[in-house]
Amino acid sequence: MAGLRRGIVFAAVALMFAAVMLPEVAAVRYVVGGKMGWSSNVNYKNWARGRHFYKGDWLFFVYDRTKMNVLEVKKADYERCIARLPLHNRTTGAGRDVVPLNVTKTYYFIRGKGYCYKGMKAAVPIRRRI
Ligand SMILES: *[C@@H]1O[C@H](CO)[C@@H](O)[C@H](O)[C@H]1NC(C)=O
Ligand SMILES: *[C@@H]1O[C@H](CO)[C@@H](O)[C@H](O)[C@H]1NC(C)=O
Numbered sequence: 001m002a003g004l005r006r007g008i009v010f011a012a013v014a015l016m017f018a019a020v021m022l023p024e025v026a027a028v029r030y031v032v033g034g035k036m037g038w039s040s041n042v043n044y045k046n047w048a049r050g051r052h053f054y055k056g057d058w059l060f061f062v063y064d065r066t067k068m069n070v071l072e073v074k075k076a077d078y079e080r081c082i083a084r085l086p087l088h089n090r091t092t093g094a095g096r097d098v099v100p101l102n103v104t105k106t107y108y109f110i111r112g113k114g115y116c117y118k119g120m121k122a123a124v125p126i127r128r129r130i
């Protein structure tokens with residue numbers, strides 16, 4: 001009897017643990033641009049196209065901290081490469097910036113200083129996790 005009860009308690013704890021842990025396990029941290037990182041030679045449209053981003057995932061911008069920045073902007077500013085009024089300046093100074101994708105929306109990132117015009121910008125649509 002004690003063994004059975006222990007078994008039930010164990011199963012219940014395991015289930016609770018799974019329920020709590022699963023969303024964490026499923027969250028993905030994407031290095032923006034893959035091996036190339038955040039640089040001027042990546043087509044970020046192609047990079048984003050092959051991926052499904054979900055709320056709870058993370059973006060990781062890896063780049064040369066002396067030369068680049070990461071600005072989160074509005075859609076219109078993304079389209080026209082306007083860096084003056086970013087929603088969030090994601091540049092921390094280390095060249096290693098983590099952005100939690102905690103809202104179901106499309107995130108828009110650009111690199112300022114004119115590089116956005118050369119294609120250094122990324123639109124990241126977030127899907128709702130079912
Ligand atoms: C963004 O933040 C970085 C680091 O604090 C700073 O050096 C840079 O000037 C800021 N850029 C903009 C556009 O606000
Ligand atoms: C999302 O994360 C940002 C930090 O990057 C925080 O400022 C914001 O309050 C968070 N929003 C929600 C809905 O959790």
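For the sequence shown, position 33 matches number 33 in the UniProt record's numbering, and the numbering has no gaps at all.
No residue lacks a Cβ here, since even glycine has one placed at the ideal position from N, Cα and C.
These figures come from a predicted structure and were not determined experimentally.
query	result
Top-ranked residue by Cα proximity to Val28, from Gly95, Asp64, Leu59 and Ala122	Leu59
Which residues DSSP lists as bridging Ile126, in chain order	Phe53
Option nearest His88 by Cα separation, candidates Ala94, Cys81, Arg80 and Val99	Val99
Check whether Arg65 and Gly95 have beta carbons under 8 Å apart	yes
Neighbourhood of residue 155 by C-beta distance below 7 Å, restricted to the same chain and skipping five residues each side	This structure leaves residue 155 out entirely; the chain is present only between 1 and 130.
Spatial distance of Met68 from Arg111 (CA atoms)	7 Å
From Asn102, Phe109 and Lys105, residue whose alpha carbon lies closest to that of Leu85	Phe109
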